[in-house]
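Protein chains: 4
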Amino acid sequence: MRKTEPGMTPFWDYIGMKETKIEEAHAELRLDITPELHQRRGSVHGGVLATLIDGAVGSAVRSVLSEEEISPTVELKINYIRPAHGEYLVAKSKLYHRGKSLAFGQAEIFDSNGDLVAVGTGTFMILNTK
Amino acid sequence: MRKTEPGMTPFWDYIGMKETKIEEAHAELRLDITPELHQRRGSVHGGVLATLIDGAVGSAVRSVLSEEEISPTVELKINYIRPAHGEYLVAKSKLYHRGKSLAFGQAEIFDSNGDLVAVGTGTFMILNTK
Amino acid sequence: MRKTEPGMTPFWDYIGMKETKIEEAHAELRLDITPELHQRRGSVHGGVLATLIDGAVGSAVRSVLSEEEISPTVELKINYIRPAHGEYLVAKSKLYHRGKSLAFGQAEIFDSNGDLVAVGTGTFMILNTK
Amino acid sequence: MRKTEPGMTPFWDYIGMKETKIEEAHAELRLDITPELHQRRGSVHGGVLATLIDGAVGSAVRSVLSEEEISPTVELKINYIRPAHGEYLVAKSKLYHRGKSLAFGQAEIFDSNGDLVAVGTGTFMILNTK
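Protein chains in written order, with numbering that gives the first Met the number 0: chain C, 0 to 129; chain P, 0 to 129; chain B, 0 to 129; chain U, 0 to 129.
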């Protein structure tokens with residue numbers, strides 16, 4: 000199983016995003032909410048939530064790839080349900096489909112009260128680097 | 000015209016995103032590419048590009064709002080065209096529609112060579128805070 | 000519970016789409032596959048699948064509305080997983096959120112073998128006609 | 000240039016959708032509004048508009064393909080701006096990008112008064128059938 004560790008993805012480290020679970024076709028990411036991540040009205044910026052969706056679905060995709068395969072994002076879609084406040088956010092993802100050249104999955108983001116704050120999907124291309 | 004200045008949106012400042020132009024229903028944002036913004040393969044992380052799309056369309060929406068109106072993002076969609084490298088990125092947005100309670104716009108992101116790296120759209124809710 | 004019956008939505012009738020189940024925040028639609036619904040290579044046209052997603056999520060939204068409320072579609076997103084063949088299609092939807100002015104849900108489409116052919120989401124506006 | 004003629008796509012014929020212009024990376028489709036295409040409140044069903052977006056972007060994609068290449072839809076996104084009424088609809092599309100295995104484009108739908116009723120995008124896979 001291909002894990003994402005601190006030091007591997009600079010932007011994940013910069014905003015404090017961590018992969019906390021990785022299983023076949025599923026992943027979980029966690030992000031502590033700090034003031035730098037706020038938008039103008041004091042909740043977490045939508046771009047941070049988009050980064051969590053991309054990261055969580057991307058981890059679920061990588062969980063089924065070999066070491067030689069990479070998977071850049073093709074497209075990302077996020078629906079924002081309620082403002083994200085509190086201590087931390089958790090994103091839980093699942094893979095819907097892994098084809099020969101594309102993979103598609105979904106992720107849900109919950110706040111530290113367990114309320115759903117956003118839902119998103121992503122399509123990723125599977126490329127062999129060998 | 001409602002401008003976004005440094006100090007107003009913590010996450011914009013944290014990643015170095017600036018509103019460089021704002022006109023009726025149009026906006027332009029700029030972001031200098033720094034190593035913290037990279038994904039694992041050395042180009043700009045897709046979450047940063049999503050933040051640029053959200054910000055650029057959001058600025059175009061705010062350009063037609065009154066001081067009492069706010070506009071949280073309802074949904075965001077991004078298509079990634081090519082890896083984003085180089086010195087800086089520019090996002091150019093236009094508003095497609097401003098209704099009574101919703102606004103919808105589009106943004107394109109170009110790298111410092113003028114190549115298109117991503118295209119996205121966003122729907123925003125218009126709320127009166129008075 | 001607000002049901003959709005034959006005769007209420009001309010385009011549903013024209014393509015043979017039926018609401019077969021409606022519960023609080025959930026719905027199920029069925030469509031028999033006929034040759035008129037094909038695209039050029041003999042599977043069901045993507046526009047038909049989009050109609051099923053819109054219809055299934057729309058039914059889940061209507062399940063929580065009062066008689067005076069209507070809910071036009073704001074935006075729709077579909078990911079196509081595999082070509083849709085066989086006897087019939089079933090779309091199963093769930094509502095993710097019902098706010099004051101917007102509702103958001105998801106639907107999955109299965110073919111008569113039980114294989115997933117498409118996944119989609121929709122945002123709907125809630126308007127009071129009184 | 001690969002044209003779409005009546006008789007090639009059953010569902011286009013069934014709803015009366017026609018390709019009226021095809022140029023390098025651009026296409027135009029037309030649909031006469033008939034009562035079968037209505038949703039419950041008497042405007043054109045959102046699934047019909049989704050079919051127009053898919054068709055218009057798909058034609059723009061095919062305009063740059065060889066005879067051996069086919070291009071199934073990967074994902075489709077539509078934003079509905081206003082109810083579609085009147086005599087006919089016109090969809091105008093442009094290709095944003097044609098890569099080795101994917102193509103991405105956008106389409107706008109106008110009613111017979113020239114008002115914008117919907118905007119959408121689509122990603123298509125490019126497959127060689129030889």
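A virtual CB, placed ideally from N, CA and C, is assigned to each residue, including glycine.
Within chain C, the C-beta atoms nearer than 8 Å to that of Asn-78 (chain B) come from Tyr-95, Phe-103, Thr-120 and Thr-122, in chain order.
Sorting C:Ala-24, C:Val-56, C:Glu-23 and C:Leu-36 by C-alpha distance to the C-alpha of Ala-83 (chain C) places C:Leu-36 at the top. With respect to the 7 Å criterion, Val-56 (chain P) and Arg-97 (chain P) are not classified as neighbours on the basis of their beta carbons.
Note that the C-beta distance between Leu-101 (chain U) and Ala-59 (chain U) is not below 7 Å. Annotation for Leu-101 (chain B): the continuous beta strand (DSSP E) segment containing it runs 101-110. Met-0 (chain C) counts as exposed, since fewer than 16 other beta carbons sit within 10 angstroms of its beta carbon. Of the candidates B:Thr-33, B:Tyr-13 and B:Thr-120, B:Thr-120 places its Cα closest to the Cα of Thr-72 (chain B). For the 7 Å CB-CB criterion, Phe-109 (chain U) and Val-89 (chain U) form a contact.
Within chain U, the residues Pro-9, Phe-10 and Tyr-13 have their CB atoms less than 8 Å from the CB of Leu-36 (chain B), given in chain order. If you check each beta-carbon in the segment 57-69 of chain C against every beta-carbon of chain U, none falls closer than 9 Å. Annotation for Thr-122 (chain C): the continuous beta strand (DSSP E) segment containing it runs 115-124. Closest in C-alpha terms to Tyr-87 (chain B), from the list B:Arg-61, B:Leu-75, B:Thr-128 and B:Ser-42, comes B:Ser-42. With its beta carbon less than 7 Å from one in chain P, Glu-74 (chain C) belongs to the interface. Annotation for Val-60 (chain U): the continuous alpha helix (DSSP H) segment containing it runs 45-61. In the DSSP annotation of this structure, the continuous segment of the alpha helix (DSSP H) that includes Ile-14 (chain C) starts and ends at 9-14. The C-beta separation of Gly-46 (chain B) from Ala-24 (chain U) comes to about 22 Å, leaving the pair out of contact by the 8 Å criterion. Exclusion of the five residues before and after Asp-53 (chain B) leaves Thr-72, Leu-75 and Gly-121 as the residues of its chain whose Cβ lies within less than 7 Å of its Cβ.
In this structure, Pro-5 (chain B) sits away from Pro-34 (chain U), with a CB-CB distance that is not shorter than 7 Å. The Cβ of Asp-114 (chain C) sits no closer than 7 Å to any Cβ of chain P. For Ser-92 (chain C), the nearest beta carbon of chain U is not closer than 7 Å to its own beta carbon. For Gly-113 (chain C), the closest C-alpha among the options C:Asn-127, C:Glu-67, C:Arg-81 and C:Arg-39 is that of C:Arg-81.
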